[in-house]
Amino acid sequence: MKRSRALLLLVLMLVLAAALAACSTQEKHATLPNDNGNHGGSVTDDDASDDDTSADDDTVTDDDTTGPTIELALIYNHDTTAPDVYTTALQNDKIHVNAVLEADVPTADFTAIKVILIDDSTDWFDTGAGSGTARIAALGLPLLGVYDGGGNLFDNLGLPVGWDTGLQSDDSATSVRVTTPGHAVFNTPYNLGVSDGSVLTLFDATTFLRYQDLIPLPDNIVALAERDVSTDYSAITLENNNDIYWGFEMGPDFLTEVGREVLVNSIYYLSKQK
């Protein structure tokens, strides 16, 4: 009987030791999405390489994995596919796309919205009282303006960079040269590992680009990236720390993974400005 008890005790100890060894080697985020290359995976991936602070590495309280979803208002008009295309591009990064027709902007509910993205399919012809332009101005939410649609709205709002201030157009652009590598649009939540002058290919097919000569820069303008083939021409700009203008004609389905990550980073940065 004593021998049987001793044998049973030995078996239980071996089972416990094996269980402890398995726990110590198991990856705690094995069920989360895989990394997608050199940029650390999506923001729902609990990897140290995409943490946005040094104090929350790889823990269950990592703010990359437990932070609230960003409510994004996508204002579109002629391109009825825009809501689906943006949703597909952003759905794995805790960004919820709320589609708003340009005509509905004056009466739409923006209560929960953190960032407004203006698609290039919009017009902004009406600037009077009760117009979409007037409503956007009254809201004061951070804006991400794209190509002519975003540029026209920025013009109406009196922002320094917009469609009318564009000096040149490029019909075959794909890349930018980084001019402000330390900015969050290149580092959070996706760390792109850029330095001053790094070239990023944003699109996998050529697209149109409206770019501006902003030398010298006004005090409230930061040139985040410039046209790759010619220096001193801004392609992506930050205005008043609150609004970003993408001079590229946006096609989220044509974005490279790096381009998509810059778009996600831009939205995350703007979401923290209000």
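Letter by letter, the sequence shown follows residues 76 to 349 of our numbering.
We put the CB at the ideal spot given by N, CA and C, even for glycine.
Limits of the unbroken beta strand (DSSP E) element including residue i
| i | result |
| --- | --- |
| S309 | Y308 to E314 |
| N231 | Element bounds for N231: not the beta strand (DSSP E) but the alpha helix (DSSP H), Y222 to N231. |
| T208 | That residue, T208, is in no beta strand (DSSP E); its alpha helix (DSSP H) goes G207 to L214. |
| S250 | S250 to V253 |
| Y151 | I145 to Y151 |
| E301 | I296 to R302 |
| L292 | Looking at the DSSP string, L292 is not in any beta strand (DSSP E), and its letter there is neither H nor E. |
| V260 | Per DSSP, V260 belongs to no beta strand (DSSP E) and is neither H nor E. |
| V175 | I170 to L176 |
Residue i in three-state terms, based on DSSP
| i | result |
| --- | --- |
| Q351 | Missing from the structure shown is residue 351; the chain here goes from 76 to 349 and no further. |
| V339 | helix |
| F278 | strand |
| T134 | Summary for T134: the model assigns pLDDT 35, below 50, so the residue's position carries little reliability, and this model does not support an answer. |
| S346 | helix |
| D246 | strand |
Segment limits, alpha helix (DSSP H) that includes residue i
| i | result |
| --- | --- |
| I193 | Where I193 is concerned, there is no enclosing alpha helix (DSSP H), although the beta strand (DSSP E) it sits in stretches over V190 to I193. |
| Y320 | Run containing Y320: none in the alpha helix (DSSP H); it sits in the beta strand (DSSP E), D318 to W321. |
| L165 | A157 to L165 |
Cα-Cα separation, residue i to residue j
| i | j | result |
| --- | --- | --- |
| V337 | L299 | 11 Å |
| S250 | D198 | 26 Å |
| G224 | D230 | 10 Å |
| V269 | G322 | 20 Å |
| A164 | A157 | 11 Å |
| T144 | H258 | 22 Å |
| P235 | D159 | 31 Å |
| P181 | I342 | 23 Å |
| H171 | I211 | 19 Å |
| E368 | P291 | In the structure as shown, the chain starts at 76 and stops at 349, and residue 368 therefore has no counterpart that could be examined. |
| P293 | D271 | 20 Å |
| D138 | K169 | Residue confidence for D138 is low, a pLDDT of 41 falling below 50, so the modelled location carries little weight; the figure read from the coordinates is stated next. Straight-line Cα distance between these residues: approximately 12 Å. |
| F278 | Y320 | 17 Å |
| T331 | N227 | 26 Å |
| S206 | Q348 | 25 Å |
| A204 | G237 | 21 Å |
| T282 | S247 | 5 Å |
| E146 | T155 | 20 Å |
| D201 | G220 | 17 Å |
| N340 | D179 | 27 Å |
Nonlocal neighbours in the same chain, by C-beta distance under 6 Å from residue i, ignoring five residues either side
| i | result |
| --- | --- |
| I191 | A148, L216 and L218 |
| R302 | Y286, Y308 and A310 |
| N315 | N295 |
| V175 | A148, I150 and A183 |
| L214 | F185 |
| V333 | L275 |
| D245 | L284 |
| S346 | I145, K189 and V190 |
Reference residue i; option with closest CA among the options
| i | options | result |
| --- | --- | --- |
| Y344 | R335, F329, A310 and T263 | T263 |
| D239 | A213, N340, T282 and Y222 | Y222 |
| Y161 | G334, G326, Q348 and N340 | G326 |
| T312 | I193, T255 and D245 | T255 |
| N167 | K349, K347 and R335 | R335 |
| D386 | A178, I193, D245 and R252 | Any question about residue 386 goes unanswered here, given that the chain covers just 76 to 349. |
| G233 | S244, V253 and A209 | A209 |
| I188 | D179, N173 and A178 | N173 |
| V297 | V260, Y265, N266 and V304 | V260 |
Contacts around residue i, its chain only, beta-carbon distance under 7 Å, and the 5 residues preceding and following it disregarded
| i | result |
| --- | --- |
| H153 | S196 |
| A280 | F329 |
Closer than 8 Å to chain D by CB, residue i
| i | result |
| --- | --- |
| L234 | Going by chain labels, chain D is absent from the structure shown, which holds only one protein chain. |
Any non-hydrogen atom of the ligand ZN within 7 Å of residue i CB
| i | result |
| --- | --- |
| Y151 | Annotation note on the ligand ZN: not contained in the displayed structure, which lists no ligands. |
Contacts around residue i, its chain only, beta-carbon distance under 8 Å, and the 5 residues preceding and following it disregarded
| i | result |
| --- | --- |
| V253 | F261, V269, S270, D271, G272, S273, V274, L275, L299 and A300 |
| E177 | I150, Y151, N152, T197, D198, W199 and G207 |
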